[in-house]
Amino acid sequence: MLGAPKKSAAQLQALDQIAAWTRARFSLAADTVVLVTEMACSQPGCPPLETVVVFWESDQRYQFKFFKIALEVSEDDLPPYWMKPGLLGGEWGDCC
1241 MLGAPKKSAA
1251 QLQALDQIAA
1261 WTRARFSLAA
1271 DTVVLVTEMA
1281 CSQPGCPPLE
1291 TVVVFWESDQ
1301 RYQFKFFKIA
1311 LEVSEDDLPP
1321 YWMKPGLLGG
1331 EWGDCC
């Protein structure tokens, strides 16, 4: 079978909730693309799965990670609003 294993309803709800929190935290427009996914991490010391959030605004890509699965992420884990400029894609390489 190709592709990732099918996610449970709880996992899908957690991914959607993180996207909603991200949209609210960074005051994103309703049409702003927000992608939340769980990815395998191959970096030393990294958990087997991490949750990655990416969003695009004015042709700029912002990203951040949680070093845990989506079901364990809480709203308090999101970066603060003032940190948004530091989330521009590529600034941290393969880290956060």
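The sequence shown maps to residues 1241 to 1336 in our numbering.
Every residue, glycine too, gets a C-beta built ideally from N, C-alpha and C.
In this text the structure is predicted, and so the values were computed from the model without any measurement.
Measuring only the C-alpha atoms, how far is Asp1271 from Gly1329? As a first step, residue 1271 is located in the sequence shown; it is residue number 31 there, counting from the start. As a first step, residue 1329 is located in the sequence shown; it is residue number 89 there, counting from the start. Answer to the nearest angstrom: the Cα atoms are 19 angstroms apart.
Which partner residues of Trp1296 appear in the DSSP bridge assignment? Stepping through the sequence shown from its first residue, residue 1296 is reached at position 56. Partner(s): Arg1301.
What does the Cβ neighbour count give for Leu1252, buried or exposed, with the cut at 16 atoms within 10 Å? Translated into the one-based positions of the sequence shown, residue 1252 becomes position 12. Under this definition Leu1252 is an exposed residue.
Return the bridge partner residues of Thr1277 from the DSSP annotation. Stepping through the sequence shown from its first residue, residue 1277 is reached at position 37. Paired residue(s): Val1292.
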